[in-house]
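In terms of our numbering, the sequence shown opens at residue 2 and continues consecutively. First comes the structure, then the notes that go with it.
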Amino acid sequence: MSTIILGIESSCDDTSAAVIADGVLKSNVIASQKVHENYGGVVPELASRAHQQNIVPVVSEAIRQAGISKQDIDAIAFTRGPGLPGSLHVGTSFSKGLALGLNVPLVDVNHLHGHVLSHFIKDDESTEVPEFPFLCLLISGGNSQIVKVNSYSDMEILGQTIDDAAGEAFDKCAKSMGLPYPGGPIIDRMAQEGDATRFKFSKPHIAGYNYSFSGLKTSFLYTLRDEMKLNPNFIEENKNHLAASLQKTIVDILMDKFSKAVKDTGIKTIAIAGGVSANSGVRNAVQEYADRRHLKAFIPKRIYTTDNAAMIAVAGYYKFLDKKFCDITEPPFARVII
Ligand code: KG4
2 MSTIILGIES SCDDTSAAVI ADGVLKSNVI ASQKVHENYG GVVPELASRA
52 HQQNIVPVVS EAIRQAGISK QDIDAIAFTR GPGLPGSLHV GTSFSKGLAL
102 GLNVPLVDVN HLHGHVLSHF IKDDESTEVP EFPFLCLLIS GGNSQIVKVN
152 SYSDMEILGQ TIDDAAGEAF DKCAKSMGLP YPGGPIIDRM AQEGDATRFK
202 FSKPHIAGYN YSFSGLKTSF LYTLRDEMKL NPNFIEENKN HLAASLQKTI
252 VDILMDKFSK AVKDTGIKTI AIAGGVSANS GVRNAVQEYA DRRHLKAFIP
302 KRIYTTDNAA MIAVAGYYKF LDKKFCDITE PPFARVII
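Here it is in structure tokens:
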């Protein structure tokens, strides 16, 4: 008999449910919310309402695609935080209700642990997974962290951003170029056509393994402002070069601290995770760095970089094996340090 976990993710603007059996993925359904596009960012109240509409059909579809029935589920793993409080409440309340109804244990998952453990999602038994300890560069719209992963449950943050996250740097600079939200993937596409050496933006000088992206954002804005005074068509004429130069600067900043942490710890296995790990510049830089230094690099499939319930289910599976269950009275949490 296999151990079947239903995972539920609702921390931000994606409603997702996934089923895994003995760590192998059986289904992963994601409903993204289009409602925020007109607002230049996620509107929390609209996100919770969309989660309420989506959660029943998304969970039903994940169970259907997995070819199981509700009675086969051994535990429900859900994202307890961090994230938007209203969004988290929808997933948490639903998970509690379903766990009570099915009389199965609840397992709470830290969303950031989920991203890191996305490397343990197995498409089949042959999927290669990292060995502990490994160093993970966790980069998303809300976080930029270097995490030393000692086990499924023991993670140390070696460094993190002191202001903006890498994804915010992409999104805010993209917004200043007049691009829609989220700008990260658009910058990535435009950067393919641009010359990354055309513009220079400032890089931070921060001690240790911490990151800072707010200075880069300011220097990008000042470049646009100054150049637009001279040429009102500056952005339009240079958009691909701006995108390529911005992307290169962000990648350099990320790699500078990450490579320092890799060298200092001597750890031979590295990984990237989170929404920004979909970025082609980051993916290439990490793979090249690993090849040069004979390290093993884990670059996630793009589907697992964004918010998804497969990573929550897999993180929940290992917690379930450790019998670390969550009491039904535990509330969600909006912010936390892993
Ligand atoms: O992990 P994630 O889905 O959720 C949040 O943390 O909210 O990350 C979303 C972030 C956004 O900032 C988005 O612009 C960025 O990931 N992102 C990218 C790319 N794909 C997503 N940034 C750069 N290049 C990409 N290809």
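Just so you know, even glycine gets a beta-carbon here, dropped at the ideal spot from N, CA and C. Given the structure is predicted, the values throughout are model-derived calculations rather than measurements.
Worksheet item: Between residue 291 and residue 273, is the Cβ-Cβ spacing less than 8 Å?
Response: Translated into the one-based positions of the sequence shown, residue 291 becomes position 290. Translated into the one-based positions of the sequence shown, residue 273 becomes position 272. No, the Cβ-Cβ distance between residue 291 and residue 273 is not below 8 Å.
Item to complete: Using beta-carbon positions only, say whether residue 266 and residue 138 come within less than 8 Å of one another.
Response: For this step, residue 266 is matched to residue 265 along the sequence shown. For this step, residue 138 is matched to residue 137 along the sequence shown. For residue 266 and residue 138, no; Cβs fall outside 8 Å.
Discussion item. The ligand SAM and residue 257: does the residue's C-beta get closer than 7 Å to at least one heavy atom of that ligand?
Written reply: The model on display carries the ligand KG4 but not the ligand SAM.
Worksheet item: Looking at residue 151 and residue 275, is the spacing between their C-beta atoms short of 8 Å?
Response: As a working mapping, residue 275 is identified with position 274 in the sequence shown. As a working mapping, residue 151 is identified with position 150 in the sequence shown. Cβ distance not < 8 Å, so residue 275 and residue 151 don't count as in contact.
Worksheet entry | Runs of beta strand (DSSP E) wholly within the region 66–140 (minimum 3 residues, chain order) | 76–82, 107–111, 135–140
Discussion item. What I want to know is whether the C-beta of residue 307 ends up closer than 7 Å to one or more non-hydrogen atoms of the ligand KG4.
Written reply: In the sequence shown, residue 307 corresponds to position 306, counting from 1. Yes - the ligand KG4 has a heavy atom lying nearer than 7 Å to the Cβ of residue 307.
Item to complete: Tell me, to the nearest whole angstrom, how far the beta carbon of residue 73 is from that of residue 5; I am working on the premise that it is less than 8 Å.
Response: The residue you call residue 73 lines up with position 72 of the sequence shown. The residue you call residue 5 lines up with position 4 of the sequence shown. So it is a contact: roughly 5 Å between Cβ atoms.
Discussion item. Nearer than 7 Å: is that true of the beta carbon of residue 36 relative to any heavy atom of the ligand KG4?
Written reply: Numbered from 1 along the sequence shown, position 35 holds the residue referred to as residue 36. It does not: the Cβ of residue 36 is nowhere closer than 7 Å to a heavy atom of the ligand KG4.
Item to complete: Work out the CA separation of residue 21 and residue 338 for me, nearest whole Å.
Response: The residue given as residue 338 occupies position 337 in the sequence shown. The residue given as residue 21 occupies position 20 in the sequence shown. The predicted model places residue 338 with a pLDDT of 49, which falls under 50 and marks its position as unreliable; any figure quoted below should be read in that light. About 27 Å.
Fill in: Coarse secondary structure for residue 296, derived from DSSP in three states
Your numbering for residue 296 matches position 295 in the sequence shown. In this structure, DSSP gives residue 296 a state outside helix and strand, which the three-state scheme calls coil.
Worksheet item: If you follow the alpha helix (DSSP H) that residue 146 is part of, which residue opens it and which one closes it?
Response: Counting from one through the sequence shown, the residue named residue 146 turns up at place 145. Residue 146 -> not in any alpha helix (DSSP H); beta strand (DSSP E) instead, spanning 145–150.
Worksheet entry | Segment limits, alpha helix (DSSP H) that includes residue 312 | The count along the sequence shown starts at 1 and reaches residue 312 at position 311. Element bounds for residue 312: 310–322.
Discussion item. Going by the DSSP bridge assignment, what does residue 7 pair with across the sheet?
Written reply: The count along the sequence shown starts at 1 and reaches residue 7 at position 6. The partner list for residue 7 (beta bridge, DSSP) reads 20, 77.
Item to complete: In the DSSP assignment, find the unbroken alpha helix (DSSP H) run with residue 25 in it and report its ends.
Response: Here residue 25 refers to the residue found at position 24 of the sequence shown. Here residue 25 belongs to no alpha helix (DSSP H); instead the beta strand (DSSP E) covers 25–33.
Worksheet entry | Limits of the beta strand (DSSP E) - the one that residue 156 falls within | To locate residue 156, count along the sequence shown from 1; it is residue 155. 156–161 is the span of the beta strand (DSSP E), which, as asked, contains residue 156.
Discussion item. For a quick check, are the C-beta atoms of residue 326 and residue 106 less than 8 Å apart?
Written reply: Sequence index remark: in the sequence shown, residue 326 carries index 325 (1-based). Sequence index remark: in the sequence shown, residue 106 carries index 105 (1-based). Yes, these two residues count as a Cβ contact at 8 Å.
Worksheet item: Is any heavy atom in the ligand KG4 found nearer than 7 Å to the beta carbon of residue 280?
Response: What you label residue 280 is simply residue 279 of the sequence shown in a count that begins at 1. Result yes, Cβ under 7 Å from the ligand KG4.
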